[in-house]
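Engineer: Going by our numbering, the sequence shown opens with residue 5, and the numbers climb by one from there. For each residue, glycine too, the CB sits at the ideal point set by N, CA and C. Note that the structure is predicted; figures quoted are calculated from it, not measured.
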Amino acid sequence: MNKPIALVISWFGRELKGGAEQLAWQVATRLAARGHRIEVLTTCCRSFLDDWSHNHLAPGETMEEGVLVRRFPVDRRDSESFAAANNFVLSVPVADLLPGVSPFTCGTADTFIYENIKSDKLLRFIKKHSDDYHAFIFLPYLYGPILNGLPLVADKAYLQPCLHNEAYAYLPRVEELFRMAKGILYNSAGEARLARTLYGPGIQDKEVVVGVGVETAGTMQENVHQIGP
């Protein structure tokens with residue numbers, strides 16, 4: 005039997021409204037519907053908008069539209085220190101951001117990485133079961149399970165960054181992810197150009213613009229009902 009593909013994301017669910025979360029749901033369920041073995045490795049935190057230290061959902065395995073979802077509990081974190089680091093870097097004007105120059109101090113960079121949403125059990129599962137999967141897809145680039153999980157399985161890791169020209173993209177750890185990943189999956193040609201501007205031409209041999217799906221069937225009202233208000 006072929007090994008499954010693991011998709012790693014901090015939050016997962018049909019009802020989530022974020023762009024990366026919807027992308028993850030669509031990719032996972034549509035690949036599963038086409039006969040591929042897909043597993044999602046995610047946390048018990050419900051969404052980006054909820055407390056990242058609170059386990060709203062039960063840990064364990066569930067089947068969601070043909071996808072095996074494995075949820076792992078989140079750990080306690082220093083949310084105040086993270087918020088201070090986050091506010092510090094967001095205070096840097098976009099016009100002042102320069103490729104190769106981190107807007108983070110050493111302290112704020114470490115705080116952003118290690119006081120981000122985190123799940124030690126998720127990371128340990130990825131490391132322990134790396135040989136059980138054909139490949140890992142990590143998305144998006146800026147949260148704890150991706151920043152700390154991708155390096156554990158870099159030789160079979162594909163980064164789908166959902167990259168924007170924002171201060172987080174200039175974090176040195178993010179550049180490391182782009183360089184160590186086996187492959188990079190972009191949603192658009194513009195995203196690929198931005199990545200090469202930020203991280204240089206050395207990544208272009210392992211990148212591909214995969215694009216995203218666009219719904220064409222059904223009425224507007226049906227699509228609005230599926231997505232939600």
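1. Excluding five sequence neighbours on each side, which residues of the same chain lie with their C-beta closer than 6 Å to the C-beta of F182?
2. Spatial neighbours of L198 within its chain, please: CB distance less than 7 Å, with the 5 preceding and 5 following residues excluded, ordered by chain position.
3. Taking 8 Å as the cut-off, decide whether the C-beta atoms of R103 and T201 are in contact.
4. At what residue ranges does the segment 31-111 contain a whole run of the alpha helix (DSSP H), taking only runs of 4 or more?
5. Note the first and the last residue of the continuous alpha helix (DSSP H) segment covering V178.
6. Return the residue from the list L154, S134, A88 that minimises the CA-CA distance to Q164.
7. Please go through the segment 139-207 and give each complete beta strand (DSSP E) segment of 3 or more residues, from N-terminal end onward.
8. Exposed or buried, T109, counting other C-beta atoms within 10 Å across all chains shown (16 or more means buried)?
9. Check whether the Cβ atoms of L151 and S134 lie closer than 8 Å to each other.
10. Give the DSSP-derived three-state secondary structure of I121 in the structure shown.
Structural biologist: Taking the geometry as given:
1. As a working mapping, residue 182 is identified with position 178 in the sequence shown. The answer, listed in chain order, is Y203, I207.
2. Taking the sequence shown and counting its residues from 1, the one referred to as residue 198 is at position 194. Counting only Cβ-Cβ distances below 7 Å, and skipping sequence neighbours, we find L167, N169.
3. As a position in the sequence shown, residue 103 is number 99, starting the count at 1. As a position in the sequence shown, residue 201 is number 197, starting the count at 1. Reading the sequence as shown, one finds Pro at residue 103 and not Arg. Cβ distance < 8 Å, so P103 and T201 count as in contact.
4. You should have 83-94.
5. Residue 178 sits at position 174 when you count from the first residue of the sequence shown. Looking at the DSSP string, the run of the alpha helix (DSSP H) that includes V178 is 176-184.
6. Counting from one through the sequence shown, the residue named residue 164 turns up at place 160. Check the Cα spacing between Q164 and each of L154, S134, A88: the tightest is with L154.
7. 139-142, 161-163, 187-190
8. The residue labelled residue 109 in the question sits at position 105 within the sequence shown. That one is exposed.
9. Here residue 151 refers to the residue found at position 147 of the sequence shown. Here residue 134 refers to the residue found at position 130 of the sequence shown. Taking 8 Å as the Cβ cut-off, L151 and S134 do not qualify as a contacting pair.
10. Here residue 121 is taken as the residue at index 117 of the sequence shown, counted from 1. If DSSP states are grouped into helix, strand and coil, I121 belongs with coil.
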